[in-house]
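*Asks:* In the UniProt record's numbering, the protein residues as written are 1 to 282. Pasting a structure here, questions to come.
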Amino acid sequence: MELTIRQAGIVKKLCWTLALSVVAVPFLFPFLWMISSAFKSANEIFGQPSLIPDVWRWRNFLEVFEYQPFARQYFNSIYIAVLVTGLTLILSSLAGYALARMRFAGAGLLMLFLLSALMVPEEVTIVPNFFLMKWLGVMDTHIPLVLLPVFGPHGVMATFLMRQYFVSLPKELEEAGKMDGLSRLGIWWKIALPMSRPALAAVAIITFLFSWNLFLEPLVFLSSIENFTLPLALSNFTDPYGSPLWHLQLAATSLAVVPILIVYLIAQRQIIESFAMSGVKG
Numbered sequence: 001m002e003l004t005i006r007q008a009g010i011v012k013k014l015c016w017t018l019a020l021s022v023v024a025v026p027f028l029f030p031f032l033w034m035i036s037s038a039f040k041s042a043n044e045i046f047g048q049p050s051l052i053p054d055v056w057r058w059r060n061f062l063e064v065f066e067y068q069p070f071a072r073q074y075f076n077s078i079y080i081a082v083l084v085t086g087l088t089l090i091l092s093s094l095a096g097y098a099l100a101r102m103r104f105a106g107a108g109l110l111m112l113f114l115l116s117a118l119m120v121p122e123e124v125t126i127v128p129n130f131f132l133m134k135w136l137g138v139m140d141t142h143i144p145l146v147l148l149p150v151f152g153p154h155g156v157m158a159t160f161l162m163r164q165y166f167v168s169l170p171k172e173l174e175e176a177g178k179m180d181g182l183s184r185l186g187i188w189w190k191i192a193l194p195m196s197r198p199a200l201a202a203v204a205i206i207t208f209l210f211s212w213n214l215f216l217e218p219l220v221f222l223s224s225i226e227n228f229t230l231p232l233a234l235s236n237f238t239d240p241y242g243s244p245l246w247h248l249q250l251a252a253t254s255l256a257v258v259p260i261l262i263v264y265l266i267a268q269r270q271i272i273e274s275f276a277m278s279g280v281k282g
């Protein structure tokens, strides 16, 4: 008996769902294991493997806040990530629009110079940045964690993404704005930015995650435990001999991924649309 078009579509959809579910298992299992182990004792974590704890230890999460100022560290990561994201959106959209629409001598050379910064690993510049921040007197503050992502290679990448998107926008709308008496800045604010929401969403998500996951910079520039961000705080859950307290680390890590999941669930469609639309023209 031949399948109807509708039945064939259902079968095809089920096959795709099954195939994607199988592919997702290796990626989903470590996350589920982390959540499960957050409720286990240290001994049970390395005992018989099981996703369901023998005893649900909710106290692990309470001990996370008792062991070190985790609430303060959580707040540090949130406000730094939000500040870096906001500054990056403003500066990258301005610079990206200028590179996409303004014609001036050396524009191509400037773009090449900016892109060359992406080829330099951050480990290469961490020592010069250390001496620079020490000379500025901002060691053990959050200022380096804001300045370096905004004006470093990540800021360049954000500028490039915005520039690519602005290039793809129709010029006719901007010409109409000029006829209405808008300045270059007015066109950027009232026409270019509203049309670039997918690119702005992509840059915002990437920047937030980049800042949220920073480890090397906090390790180099911060020394006070109250100023730690979450990645550095997670490595601080150790016993007096330096061995990891896994039940606390996993509980703290489970709490640390909550903002990331929220950001992704809210804006996953925007970031996919942005990558599909922005990286083609240039």
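A virtual CB, placed ideally from N, CA and C, is assigned to each residue, including glycine.
On the DSSP bridge list, what partners appear for residue 238?
*Replies:* Residue 238 pairs with 244.
*Asks:* Is it buried or exposed for residue 124, if we count other Cβ within 10 angstroms and need 16 for buried?
*Replies:* When all chains shown are included, residue 124 counts as exposed.
*Asks:* Under DSSP, the alpha helix (DSSP H) around residue 142 begins and ends at which residues?
*Replies:* Run containing residue 142: none; DSSP gives neither H nor E here.
*Asks:* Taking all protein chains shown into account, decide if residue 64 is buried (16 or more other Cβ within 10 angstroms of its Cβ) or exposed.
*Replies:* It is buried - the Cβ of residue 64 has at least 16 other Cβ atoms within 10 Å.
*Asks:* Can you tell me where the alpha helix (DSSP H) with residue 208 in it begins and where it stops?
*Replies:* Looking at the DSSP string, the run of the alpha helix (DSSP H) that includes residue 208 is 197-212.
*Asks:* Could you tell me the alpha carbon to alpha carbon distance between residue 194 and residue 229, rounded to whole angstroms?
*Replies:* About 33 Å.
*Asks:* Please report the distance separating the alpha-carbon of residue 239 from that of residue 43.
*Replies:* The alpha-carbon atoms of residue 239 and residue 43 are separated by roughly 15 Å.
*Asks:* Within its chain, find whatever has a CB closer than 8 Å to the CB of residue 264; leave out the 5 residues flanking it on each side and keep chain order.
*Replies:* Only 205 meet the Cβ criterion.
*Asks:* Give the straight-line distance between the Cα atoms of residue 6 and residue 16, rounded to the nearest whole angstrom.
*Replies:* Rounded to the nearest angstrom, the two C-alpha atoms are 15 Å apart.
*Asks:* For residue 254 and residue 214, what's the separation of their Cα atoms in angstroms?
*Replies:* Roughly 17 Å between the two C-alpha positions.
*Asks:* Would you call the region 107-119 in contact with the region 177-197, where contact means no fewer than 3 C-beta pairs closer than 8 Å?
*Replies:* No, they do not touch.
*Asks:* Assuming the contact rule is C-beta atoms closer than 8 Å, residue 218 and residue 231 should be a hit. Round their C-beta distance to whole Å, please.
*Replies:* Right, the Cβ-Cβ distance comes to about 7 Å (below 8 Å), so this counts as a contact.
*Asks:* Taking DSSP as the reference, what is the three-state secondary structure of residue 249?
*Replies:* It is helical.
*Asks:* Find the nearest neighbour of residue 234 within the set 68, 11, 13 and 53, judged by alpha-carbon distance.
*Replies:* Residue 68 is the option with its Cα nearest to residue 234.
*Asks:* Kindly list the residues whose CB is nearer than 6 Å to the CB of residue 280, restricted to its own chain and excluding five residues on each side of it in sequence; keep chain order.
*Replies:* With a pLDDT of 45 at residue 280, under the threshold of 50, the modelled position of that residue is not reliable, and no figure is offered here.
*Asks:* Helix or strand or just coil, what does DSSP make of residue 4?
*Replies:* Correct three-state label for residue 4: coil.
*Asks:* Express the C-alpha separation of residue 188 and residue 102 in angstroms, rounding to a whole number.
*Replies:* Using only the alpha carbons, I get a separation of about 12 Å.
*Asks:* Less than 8 Å between the C-beta atoms of residue 84 and residue 207, yes or no?
*Replies:* In contact: residue 84 and residue 207 (Cβ atoms closer than 8 Å).
*Asks:* Nearest-angstrom Cα distance between residue 222 and residue 266?
*Replies:* Approximately 32 Å, taken between the alpha carbons.
*Asks:* Taking a contact to mean a Cβ-Cβ separation below 8 Å, would you say residue 138 touches residue 88 in this structure?
*Replies:* Their beta carbons are not under 8 Å apart, which means residue 138 does not touch residue 88 by this criterion.
*Asks:* Quick check on the DSSP output: the alpha helix (DSSP H) that includes residue 81 runs from which residue to which?
*Replies:* Per DSSP, residue 81 belongs to the alpha helix (DSSP H) from 70-101.
*Asks:* Is DSSP giving residue 229 helix, strand or coil here?
*Replies:* Reduced to three states, the DSSP call for residue 229 is coil.
*Asks:* For residue 159, count neighbouring C-beta atoms within 10 Å of its own C-beta (all shown protein chains included) and say buried if the count is 16 or more, exposed if not.
*Replies:* Buried, because 16 or more other Cβ atoms sit within 10 Å of the Cβ of residue 159.
*Asks:* Looking at C-alpha atoms only, which residue of 164, 76 and 92 is the closest neighbour of residue 140?
*Replies:* Nearest C-alpha to residue 140: 76.
*Asks:* Nearest to residue 78 by CA position, among 269, 30, 211 and 216, is which residue?
*Replies:* Of the candidates 269, 30, 211 and 216, the one whose C-alpha sits nearest the C-alpha of residue 78 is 211.
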